[in-house]
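Quick note, the sequences are listed as chains A and B, same order.
Quick note on our numbering: the first sequence kicks off at 4 and runs consecutively.
Quick note on our numbering: the second sequence kicks off at 31 and runs consecutively.
No residue lacks a Cβ here, since even glycine has one placed at the ideal position from N, Cα and C.
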Amino acid sequence: MACAMRQMHFRFSAVIFLIVLGTFVARDSNAQEPAEAFLRALRERGLFELANDYLLEAANDPLVDSAFRERVPLEHAENMIQFAESTRTFIQKTERLVEAEQVLEKFMASGASGDMRQAALSTLGNLRLQQGLTHIIQSQSDRATEEERNELLDLARDSLGQSVAAYAEVRESLKKELESAGKDLTPDIKRKYQLFQEVRLRFPFAQENEADTYPEGDPRRAQLLTAAADEYQQLWKAYSGYSSGVNACLQGARALNKLGRHQEALDLMKDLYERAGSENTRALAAIQAIDAWEGFDPYPFDEVIFFLEPLAANLTNSQMREDKWGTIQIGLAKAYWAKFEKAKADGDAALMGRAKKTAARLIKRASRSRGNSQEIARQLIEQWGVSTIEMDDADADAEVVSFPDAKLRIDDQIVQLDETYRGLLDAKSQLANATGDSKTDLEQSVSEMASEISKRGNEIILMIDDALKLPLDDVQPNDLNHLKYLRAYVYFTTGRYFHTVALGQFALDRISGLEWSRQTAGLATKSLAVMYENNPDGNRDFEKTTLIDFCERIYDRWPGTPEAQQSAAILVQIALADGNTDLAEKYKGGMSAGGGASLTLARQKWLDFKARKREMSSEQMDAQSEALREEANKIIAELESGLKGFSPENVNFEAAYSALLLANARLEVGETAKAVEQLESAIIAPLDLVKQKHPAVMQSSNAVPFMIETFRTAINAYLSSLRTSDDPAPWITKTRGVLDALQVLLKEHNPDTASREMLATYAKVSSELTEQFASIDDPNEKSKLASNLSEFLVSMASESNDINVVRWVGVTLNDVAQTMRTNEQTKAAAREIFGKAVEVLSRGETFDLSQVENGALLSLLVRRAKANALAGKGSYQEAIDVIAELIGERNALDLQIDGARIFQEWGHNGGGLKAFESAVAGGGPEVVDSKTRRKSNSIWGWRKLVTATVSKTDNADSFHESNLGFMNSQYEYAQLKGVDAKAALVSQYERTEAKFPDFGGAKYKSRYEELKKKIDAL
Amino acid sequence: MLHIMKNLSNRWGISEFRLFWNVGVLVLALQFLGAIKPVTAEEITVYRINAGSVRGEFVSSSPEKIVVKSRNSEVEISVADFRNLSVDEAPPEIDKARRNFDNNRFDEGLAELSGLTGVTGIAAEEAAYLKAFGSAMSASTGGAMSPKDAGSATYEFTRNYPDSIHTYEIVEILGRQLVDIGSDDLARAEFEKLASANVPTIRGRGKLLLGQSQLRLGDATGAQKSFQELIESPETSQEFLRLKSLAEPMLAKALVENGNVEKAREMVNAVISRENTENLENAELFANCYNVLGLCHLKKGEMESALLDFLKTDLLFNSNPESHAEALFYLTTIGPQVQQNDLAFESREKLNQRYRNSLWAKKLNQ
C-alpha cells in the first residue's frame, strides 16, 4: 500500500515537474523538436527515471511528433546508457546497461534503416563504450584476481572494439551524406551534423580506451593510441574555440604521453596554455604537461619551474585544497627537488638549501589538498625524508617581499589553525561523553590544542599586521578584505568574539559590496550567538539586539546565501523563544524550499510541541486530542516539506536530525508504517545514514547522541508495528538487531557508561511504549500489540543475563498490562501479561547481584516490580508479603504507598472490608520497634501516610497519592459496608482544599474533581 | 688674480709661466693628499608633493620655502609642496637612517646617525632634522629614546636651524612632545605659531592642532571655534581639504564635550558615509571618527557599543599613534565593565608597549 502510494505520489510530482519543466523548455528550444529538447533537458538534470516515464507516455501520445515516437526505443536505450554512466554502483550500472542492450537489440532486430540505423549504431557505440569502461574499472579493483582481471580486460576489449566499429561505420556513412548534402541546412541536416560531431568526439575516446586493454608494448596498443592521438589533434584543430576542442586537445596530449611522444604532448599543451581563456584550462594543460615533462630525460626542472611557478604562486586557500592544484604544486615541488639533487651533485650548497626549502614548502602545502594529490604528496614526503620541522622552517624562512607572498604564508597558517580548531571542536564534543582515562587524555588534548590555537592565532595576527605594512598599491580591495576576514576568523577561533563582531559590523556597515564581507559578517553573527548563549543568566540585551540587527541585515543584504540561511535560522529561534510565531513564519517563509531555516522552524515547533505535551495531564490531552493531532500533522507536513530539498548527496546533519524527528512525529500520531519507512528507506533515512556511517552524521559533534536516538526511535517503531502485525517475527528480529547495534555503539563510545546508557534507553523506550499503549482505543489492536510485545519481551528476558534487561522487561510488561486492566475486554489479557511479568522478574530475583553496580538497589527494584505484577495478576497476599519484606529492608515512602495501594486494589477486587481496612489503617506482617518495643503494622496504610506527608512540602506528590487513596478507600469501604461516610469525606476534602487550594495542580486536580463528584452523589 | 700672480713673479724673480706651473703642481699634490677639496656648491634633490623632484644647487631656505638653482635659474619650492630632500654628497648613513624611518625602525635609524661626524652645510641640517624627527618618533612609539632626549634633539634643531624648511614640521613635533609630557599650555603656544603661519596648509594644520590642544585643556568652546574656522576656510587645495575632513570628527568631539552627543554622532556618521574607508590615507580620519562614536556611546552608557567602536580603531585604523593610543586607553578602561578583562589587559599591554610615552599611557597609569 505504502509502495503504491509512493508511486502515485511520484507520478503526481512527475506530472507537476513535467508541466514546469515543459514551460521552460518550450520557451528556449525553438530550434529543436520539443519532445527531443524536453528529453535532453530531463537528462541534463539527471532525471533519467522521469525521462523513461516520459518516453513511455510519448510512445502512445498522438500529440508527439511521429518521427520521435519511432525513435522512442532508441531514446529509451540512450537514456539507460546515460543513467548507467551517472551510477556509481556496478550492480546498478550493469542492470541499466543490460536494459539498454535489450531495448536496442529489439529495435535493431526490427530492421532499422537509413537515419534510424545511423542513430542506432551511434547508440550501440555508446552502449559498448560504457560496457567497456565498466569492465576496465572493475578490472582495477584491488579485490580482483589476476585471472579475473584478464577476463575483465578481454571483455572490455571486445566491447570497446565493437564500439569503435559502430562509431566508424556511422561516422563514414554520415560523412558521405553530409559531403553530398547541399548548403541548405535543413533541420534534418542539422541533426546529422550534430550526430556526426558527437560520434567524431567519442570515436578516439573509444580507441584510446581499447588501447588501454592491451599490455604495454603490444603493437595493437600503439596503433590504437596513434590513431586516437591523431584524431584528437584533428578535433582540436577543428573545434579549438569550443570546450569539446579543448577536451580533445587534453585527451590528445594524454594519448601522446601514453605513446611516449612527450615532446609532442608538451607542444600541444603549450599551445593550449597560450590560448586558454581560463585559469582552469591552464591548470588542466599544466597537469598534462607535468606528465610530459616526467617523460623527458634529463628532466627539465627549470622549464617546469618556469611554467608552473606563476600558476602556483597566487592560489587561494580553497584552491590549495583542490586535487587539481595539489597536482600542480606536486609537479612544482618535484621540479625543485630535482633542482636540489642537481645542486647537490654540483656541490652548490646555497642553491641546494634554497631548492630543498622550496620543495619542502610546496610539498607541505600539497599534502593538505584533497583527493589523490594528498596521498601522493605524503608519499613524496616520506620518500624524500623531509621532516615536519624542515617543512615548517622552510615556510618560516621564506622571505616575504610582497603582499601575495605574505598572503600565501598567512593562508597556510590559517589552514593549520583551521585543522587544529576543528580538532578542538571534535575533542570538546567527545569530552562531553568521556570518562576515566579517556577523559583525562581528551582534557589534555583540548588544553594543548587551545594553547596551540592561541599561539598560532597571535602569530597570524602579527603576520597580517606585517602584510599590511608591505607595498599595497597593486593589491585589490577584495584581497585586503580577505585579510580582514581571516583576522575575524582568527579572533573567532581564539574566542575573542568582540573583536570578530567589531570587524563584522564594519564589514556590514561600510564595505558590504566587497568580497568576504558577507563571510566576515557571518562570523560576527556566530560570535554574537555564542556570546548570547554563554550569558544565559546575565543581561543579554546588547547581544540579543545586536544579533537580531545583524541577522536581519544579512538576511536582506545577501538573500539565499549560507549566511542568510544561518541568520534566518537564528531569527526563527529567537522569535520562537519569544513566542513570536508570526515573526518566525516570516523568516521561514523567506527561505527557499528545503532551506535550513524552514527545517529549523519545523524542528523547533516539534520540540516545543513535545515539551508542551509533557506538561499536560492525561485529561488535558484527552480534551485537546483533536487540536493536538492537527498541530502534530501540520508540523509533520512542514518537516516533510523542509526535507524535500535534500538528497543523499547534499544531506547534512540538520536534515538528518529533522528526518529523525519526522519519524518520531509519525510514531506519535500513530503512523507506525510511515515512521518505519522514514527511518529505513526514505530519501533521508536516519537508520540508513547510521548504517552507512554517512559523513553528514559521523562528522557531526552530535553523531553519538544522534545514533542512539535513531536506534531508540527504531526500537519504538518496530515494537509499535507489533500492534497491527499478524506476524511479529520480522519486527522482533529487527528490534533485536537494533538493540544489539545500540549496545555495541554504547560500548564502543564509552564502555564505562554503556550499561547506564542502555538502561536509560530501556526506560525511555518503556515509557514511550506505555504512552503508545494508552493512546490505542481499539481493544483488539491493544490486545494484539500486548500479545506480540510480551512474546518479544519475554523471549528477550529469558535469553538475557543482564538484570537491567530483565527489570526493563518486567516493568514494561507491568506498564502495558496496567493500561489494559481497566477495560473489561482486555482485563483477562492484562492478568496474563502480569503473570508473565512475575515469571520474568522471579528469574531476575535469582541473579547474583553482589558484583553488579548498585546491585542491592536493583534487587529491591526487581522485587518491587514483582510485587506490582503479583497484585496485577491477582496474587495480592503474595504481593503484600513481598512489599512487607522490602519495607523490612528499606522503609521508603514509595514502598508504603505501594503496600496501601495493593490493599486498596485487593479490596476493590474481592478482598472485602478487611482489605480496605488494611489499606486505610495498615496491615501486613507486624513489626516490633527496636526502641519502644511496640508492635505495629509493617504497611502503614493511607491514613498514616497522609499524616506523614501532609506537612512535607517536598513530598507533595506522596501526599496527594496517599490522600486520594485514603478518601477513595474510605468511599469504597462505606459503599461496601453500606454506611454513610459523606460527612467525613467532605471534611477531608475541605481540609485538603484549605491546605492545597490548587489540589496539587494539573496532575491531581482532575482526580480530586472526579472524587468530589462521587462524594456529592452520596 | 692675474695681478697677484704678476706681483709674486716679480718678487720671487721667476717667470709667470713658471709660477703658474709650480702652483698648479702644488694644488694637484695637495688634492692628491686630500689636504684640500675643490670648493663647490651643495647639490641637492628636493622631492615635492604631487610634482616631480627638483635637482640643483642649494641656494637658501626659510620655514616657508627652499630655493634651488637648477639649470641656471632659481626655483622656489613652498613648504606646502615640500616632501623631503636628499643631499648628493651626504654620507650614506643619512640615507640608511631615512630608510629605517620609512619602515618605522626609528631606533635603528638613530643608530646610523649616531656615528656621524664632520658633516657640514645642508647635509648637517638634514642629519639634525632626521635626528630630531627619529628621536620624537622613537619616544612616542615606545622606542629606546626618552622623551627628554627627544625633546633636546628637537629643541637643538630649532635653535641651530631657524631657517630650515623643516621648521614647521619640527615645531609641530615639539608641540606634540610637550603634549606627551603634559605641558599642553606650552604646546598650545607652539601650535599657535603654526596657526598664524603664512602658508595656508601649515596654518590649517596649526588650527587643527590648536583645537585639539584646547580640547585637552578643557576649552571645548575654544576648540569648537578653532575647528569651525578651519572647516569654514575658503582654501581648497587637496591637503587643505584633508585637514578640513580631519577637523570634522574633532569638531564632533568638541560637541560631545559640550553635551551635544546626538549632533556629534550625526556629524561623524556623515563623514564615515562620505569618505572611502578603504583608502589607507584616511586611516587617521576614520580612527578619529570611530573614537568619537565610541565617546558618544560612552556618554550614553552604551558600553558594549563603545567597545566595538574603539576596537574598530584598534583593528582597522591603527596607523596614527595618537588616535590609536586613545582607542587603547578606552578599551582598557571599558573592558572590565563589560566582562572583557582579557581584552582590557591586552589593550593595556599594547598601549604601554607601543605608546608608553603618550599622554594616554600616562593618563592610564596615573
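Boundaries of the beta strand (DSSP E) around residue 108(B): 103-108. If the five residues before and after residue 231(B) are omitted, its C-beta is found closer than 6 Å to the C-beta atoms of 110, 269 and 270, all from its own chain and listed in chain order.
Considering only 349(B), 387(B), 350(B) and 391(B), the residue with the shortest C-alpha distance to residue 361(B) is 391(B).
Cβ proximity to chain B below 9 Å picks out 499, 501, 502, 504, 505, 506, 508, 509, 512, 513 and 514 from the stretch 499-514 of chain A. With a cutoff of 8 Å on beta-carbon distance, residue 988(A) and residue 973(A) are scored as near each other.
The beta carbon of residue 286(A) is closer than 7 Å to those of 314, 327, 328 and 331 in its chain, skipping five residues each way along the sequence.
Of all residues in the stretch 290-312 of chain B, only 302, 307, 308 and 310 place a beta-carbon less than 8 Å from a beta-carbon of chain A. Taken in chain order, the whole alpha helix (DSSP H) runs of length 4 or more contained in the stretch 105-192 of chain B are 122-132, 136-144, 151-170 and 177-190.
Taking residue 201(A) as the centre and dropping the five residues before and after it, the same chain places the C-beta of 125 closer than 8 Å to its C-beta, in chain order.
Of the candidates 112(B), 160(B) and 98(B), 160(B) places its Cα closest to the Cα of residue 125(B). Scanning its chain for C-beta atoms nearer than 8 Å, with the 5 sequence neighbours on each side dropped, one finds around residue 38(A) the residues 61, 67, 68 and 71, in chain order. Contact between the stretch 540-558 of chain A and the stretch 568-581 of chain A is present: 3 or more CB-CB pairs across the two stretches fall below 8 Å. Scanning 192(A), 214(A), 897(A) and 582(A) for the CA closest to the CA of residue 943(A) turns up 897(A). Residue ranges of uninterrupted alpha helix (DSSP H) with 4 or more members, entirely inside the stretch 34-72 of chain A and ordered along the chain, are 37-47 and 51-62. Between the C-alpha atoms of residue 229(A) and residue 270(A) there is a straight-line separation of about 16 Å. Distance from the CA of residue 283(A) to the CA of residue 350(B), rounded to the nearest whole angstrom, comes to 43 Å. For residue 277(A), the closest alpha carbon among the candidates 244(A), 262(A) and 874(A) is that of 244(A). The Cβ of residue 337(B) sits closer than 8 Å to at least one Cβ of chain A.
Taking each of 809(A), 706(A), 811(A) and 476(A) in turn and checking the Cα distance to residue 309(B), the smallest one comes out for 476(A). Along the stretch 342-376 of chain B, going in chain order, the ones with a CB nearer than 7 Å to a CB of chain A are 342, 345, 346, 370 and 373. Residue contact check for residue 726(A) against chain B: no CB pair falls below 8 Å. The stretch 636-648 of chain A makes contact with the stretch 659-669 of chain A: 3 or more CB pairs, one atom from each, lie closer than 8 Å.
Taking one beta carbon from each stretch, the stretch 950-966 of chain A and the stretch 906-925 of chain A have fewer than 3 pairs nearer than 8 Å; the two do not touch. Around the C-beta of residue 689(A), 16 or more other C-beta atoms lie within 10 Å, and the residue is accordingly described as buried. Contact of residue 334(B) with chain A is assigned, a C-beta pair being separated by under 8 Å. Chain order gives no chain B residues near residue 474(A), where near means a beta carbon separation below 8 Å; the closest approach is about 11 Å.
Comparing alpha carbon positions, the residue from 882(A), 856(A) and 412(A) closest to residue 840(A) is 882(A). Within chain B, the residues 308 have their CB atoms less than 8 Å from the CB of residue 483(A), given in chain order. Fully enclosed alpha helix (DSSP H) runs of no fewer than 4 residues occupy 222-241, 246-262 and 265-278 of the stretch 201-284 of chain A, in order along the chain. Here residue 940(A) is bridged, per DSSP, to 929(A). Residues of chain B whose Cβ lies closer than 8 Å to the Cβ of residue 407(A) do not exist; the shortest such Cβ separation is about 18 Å. Residue 187(B) places its beta carbon less than 8 Å from that of residue 200(B). Relative to residue 208(B), the option among 169(B), 292(B) and 136(B) whose CA is nearest is 169(B). Across the structure, residue 579(A) and residue 129(A) are spaced so that their CA atoms are roughly 56 Å apart. Taking the Cα positions, residue 381(A) is about 37 Å away from residue 686(A).
Per DSSP, the beta bridge partners of residue 87(B) are 73(B) and 99(B).
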